[in-house]
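Let me begin by presenting the structure, written as structure tokens, before commenting on it.
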Amino acid sequence: MSLPRHPLLRLLLALVLIGAPFALGAKLIQLVLPADPDWRVVGNLLRGGWMLCVYAGYVRWVERRPALELGLRGAGREFAAGAGLATLLIAVYVGLLAVTGHYRLQGLDAAQGWVALSSVLPAMLVVALAEELLLRGLLFRLLEQAWGSWAALAASSLIFGLLHQFNPNASLYTSLALGLELGVMFAAAYMLTRRLWLCTGLHFGWNFAQAGVFDVPMSGFEAKAWFQAEIDGPTWLSGGAFGAEGAVPSVLLCLGLSVGLLWRARVAGRILRRGETLPD
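Just so you know, we're using UniProt numbering here: the sequence shown kicks off at 1 and counts up by one.
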């Protein structure tokens with residue numbers, strides 16, 4: 001298949017050739033598997049595997065190159081590092097709320113803990129993988145080819161934030177804050193490693209630590225967590241009903257990590273100008 005010359009046209013083609021199979025495969029899995037909640041883990045694992053196959057197939061047969069961003073060597077280590085860093089960020093944020101009296105632990109809920117492990121965890125893993133494949137593996141990478149690293153970072157982060165505009169309790173402010181803290185952080189992780197495992201780990205760890213562990217609303221959605229907590233305080237500190245992603249401290253924490261990742265990417269020579277490519 002002959003690819004369009006301009007990266008933006010290649011991006012549109014990629015979104016069609018990957019997005020449609022993503023959606024159709026997910027729907028087919030939903031129709032084939034029993035509706036029993038016990039099958040949710042199987043369904044999520046199948047969706048994740050299907051998405052990886054579709055992306056790798058597109059790269060191999062359409063872009064005609066190996067999918068180096070999905071290389072397995074060191075993948076587990078990078079994913080675990082990302083998940084650990086994100087969990088640490090959320091823990092620091094929750095600690096700040098607790099110290100100021102705005103996060104009060106009410107106890108542990110074993111039933112909710114099981115829901116978090118059996119249902120929330122695999123679902124969040126699939127969400128993180130899908131968004132990183134599409135938004136960093138495709139959107140950022142192809143925008144970078146067209147405009148260079150910095151412009152692609154800004155544009156992809158803005159788009160990432162605005163995609164959450166229609167979440168419950170969202171506003172223009174929360175979308176911009178989310179793009180600034182998470183859009184930049186995930187793209188910076190990709191820029192440093194040129195692989196999708198670190199940013200996927202960050203994405204998964206961030207979501208699961210909020211909604212599966214600390215009982216913090218995630219992007220406007222209610223948490224189902226081990227810990228049961230009461231959260232209050234001014235919106236700039238607590239994020240209000242939208243959760244940590246709308247809070248100024250979490251934005252600053254994520255920006256701090258992003259600066260570190262971008263600095264390391266610059267030192268490693270992985271910041272690209274328009275039309276520039278990394279050596280093989």
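Glycine residues also receive a C-beta, built at the ideal position from the N, C-alpha and C atoms.
Identify whether residue i lies in helix, strand or coil by the three-state DSSP scheme.
i, result
"residue 73", "coil"
"residue 166", "coil"
"residue 104", "strand"
"residue 276", "coil"
"residue 132", "helix"
"residue 6", "coil"
"residue 84", "helix"
"residue 271", "coil"
"residue 247", "coil"
"residue 213", "helix"
"residue 240", "helix"
Going by beta carbon distance, what residues of the same chain come within less than 6 Å of residue i, once the five residues before and after it are set aside?
i, result
"residue 162", "175"
"residue 258", "184, 185 and 188"
"residue 231", "103 and 238"
Which residues share a DSSP beta bridge with residue i?
i, result
"residue 230", "104"
"residue 221", "218"
For residue i, I'd like the list of residues in its chain whose CB is within less than 7 Å of its CB, leaving aside the five on either flank, ordered along the chain.
i, result
"residue 265", "188, 191, 192 and 271"
"residue 87", "205 and 209"
"residue 168", "220 and 221"
Leaving out five residues before and five after residue i in sequence, what residues of the same chain have Cβ atoms less than 8 Å from its Cβ?
i, result
"residue 173", "246"
"residue 82", "189, 197, 198, 199, 200, 201, 202, 203, 204 and 205"
"residue 17", "58 and 62"
"residue 273", "148 and 149"
"residue 60", "66 and 67"
"residue 228", "105, 106, 107, 108, 109, 112 and 215"
Using the Cα positions of residue i and residue j, report the straight-line distance between them to the nearest angstrom.
i, j, result
"residue 208", "residue 120", "8 Å"
"residue 154", "residue 195", "19 Å"
"residue 48", "residue 129", "7 Å"
"residue 211", "residue 217", "6 Å"
"residue 29", "residue 43", "7 Å"
"residue 92", "residue 181", "15 Å"
"residue 137", "residue 165", "22 Å"
"residue 262", "residue 269", "10 Å"
Discussion item. Restricting to runs no shorter than 4 residues, where is the alpha helix (DSSP H) found entirely within the stretch 142-196?
Written reply: 149-162, 172-178 and 184-193
Worksheet item: Which ranges would you report for the alpha helix (DSSP H) in the stretch 16-74 if only whole runs of at least 4 residues count?
Response: 40-61
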